[in-house]
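Asker: One structure coming up, written as structure tokens, with questions to follow.
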Amino acid sequence: MTDFQKQFNKTVRPAVMKEFGYTNIMAVPSIEKVVLNIGLSKSLQDKKWVDVAVNTLTRIAGQKPVLTKAKKSISNFKIREGMVVGAMVTLRGDKMYNFLQKMAQVTFPRMRDFHGLETKKGFDTHGNYSIGFKEHTVFPEIKSDEVESIHGLEISIKTTSPNKEQTLFMLQAMGFPFKK
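First residue of the sequence shown: 76, per this note's numbering; consecutive thereafter.
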């Protein structure tokens with residue numbers, strides 16, 4: 076069990092329990108998984124782009140990504156069925172909590188012109204939260220002098236929370252910097 080997971084269990088869960096009136100600690104929402112995703116639209120012109128994305132996700136997440144393939148052909152985007160269109164990594168357990176800690180304490184403070192996360196955007200109706208990064212260089216594993224090309228990265232946090240308010244409270248208690 077990581078330090079961040081211990082902090083989550085000792086401070087965040089009781090705070091959520093008190094704030095939203097849960098009577099059983101096991102009924103309190105928790106984080107199920109974190110999914111990191113890179114779209115590979117540039118791989119249509121440059122085949123090396125797939126290797127760059129796989130290398131980036133491997134360094135950031137600490138495990139090898141899965142390549143996602145197109146389910147349908149879309150002629151307007153020059154995509155044929157079976158083509159590689161993305162790469163993704165799913166984190167659970169200790170790796171997930173280590174990643175969330177790194178993101179809250181290291182990655183967000185490193186972002187240029189960062190004034191906090193949006194509270195109106197990024198949430199879905201089921202209490203999940205998604206964040207988009209324009210540059211992958213904000214992560215500490217990526218050295219800016221080694222980067223050949225800059226690309227975006229999407230991160231989705233899947234929770235057992237029934238709504239946006241509980242997820243927002245839980246993420247704020249974990250140290251995620253939201254705008255006031």
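Glycine included, every Cβ here is placed at the ideal spot set by N, Cα and C.
Do V125 and L115 have their beta-carbon atoms positioned less than 8 Å apart in this structure?
Answerer: Taking the sequence shown and counting its residues from 1, one reaches residue 115 at position 40. Taking the sequence shown and counting its residues from 1, one reaches residue 125 at position 50. Contact: yes.
Asker: Quick check on DSSP: helix, strand or coil for F83?
Answerer: Residue 83 sits at position 8 when you count from the first residue of the sequence shown. Helix at F83.
Asker: Starting from the Cα of V110, find the closest Cα among M178, H226, R167 and A248 and give me that residue.
Answerer: Taking the first residue of the sequence shown as position 1, residue 110 is located at position 35. Comparing Cα positions, the closest option is R167.
Asker: Can you tell me whether DSSP reads S148 as helix, strand or coil?
Answerer: Taking the sequence shown and counting its residues from 1, the one referred to as residue 148 is at position 73. Reduced to three states, the DSSP call for S148 is coil.
Asker: Applying the 10 Å Cβ sphere with the 16-neighbour rule, what's the burial state of F253?
Answerer: Residue mapping note: residue 253 aligns to position 178 of the sequence shown, counting from 1. By the 10 Å Cβ count, F253 comes out exposed.
Asker: Jot down the residue ranges of each uninterrupted alpha helix (DSSP H) in the stretch 168 to 246, minimum 4 residues, whole runs only, in chain order.
Answerer: 168 to 177
Asker: Let me check understanding here. Comparing Cα to Cα, which of V159, E240 and R185 lies closest to T200?
Answerer: The residue given as residue 200 occupies position 125 in the sequence shown. Of the listed residues, the one whose Cα sits closest to T200 is E240.
Asker: Which residue or residues does DSSP assign as beta-bridge partners of M163?
Answerer: In the sequence shown, residue 163 corresponds to position 88, counting from 1. M163 pairs with N112 and V141.
Asker: What are the residues that DSSP puts in a beta bridge with I135?
Answerer: Translated into the one-based positions of the sequence shown, residue 135 becomes position 60. Paired residues: none, contrary to the question.
Asker: Among M186, T182 and S148, whose alpha-carbon lies nearest the alpha-carbon of V160?
Answerer: Taking the first residue of the sequence shown as 1, we reach residue 160 at position 85. With distances taken between Cα atoms, V160 lies closest to S148.
Asker: Quick one, are the C-beta atoms of F79 and Y204 less than 8 Å apart?
Answerer: Here residue 79 refers to the residue found at position 4 of the sequence shown. Here residue 204 refers to the residue found at position 129 of the sequence shown. No. Outside cutoff.
Asker: What separation, rounded to the nearest whole angstrom, lies between the Cα atoms of G137 and K170?
Answerer: If you number the sequence shown from 1, residue 137 lands on position 62. If you number the sequence shown from 1, residue 170 lands on position 95. A direct Cα-to-Cα measurement between G137 and K170 gives close to 8 Å.
Asker: Would you say P242 and G202 are within 8 Å of each other, going by their C-beta atoms?
Answerer: As a position in the sequence shown, residue 242 is number 167, starting the count at 1. As a position in the sequence shown, residue 202 is number 127, starting the count at 1. The residue you asked about is not Pro; residue 242 is Thr in the sequence shown. Taking 8 Å as the Cβ cut-off, T242 and G202 qualify as a contacting pair.
Asker: Would you say Y97 touches the ligand SAM, meaning its beta carbon is less than 7 Å from a heavy atom?
Answerer: Looking at this structure, you won't find the ligand SAM or any other ligand, since it has none at all.
Asker: Bridge partners of F253, per DSSP?
Answerer: Here residue 253 refers to the residue found at position 178 when the sequence shown is read from its first residue. Looking at the DSSP assignment, F253 forms a beta bridge with L192.
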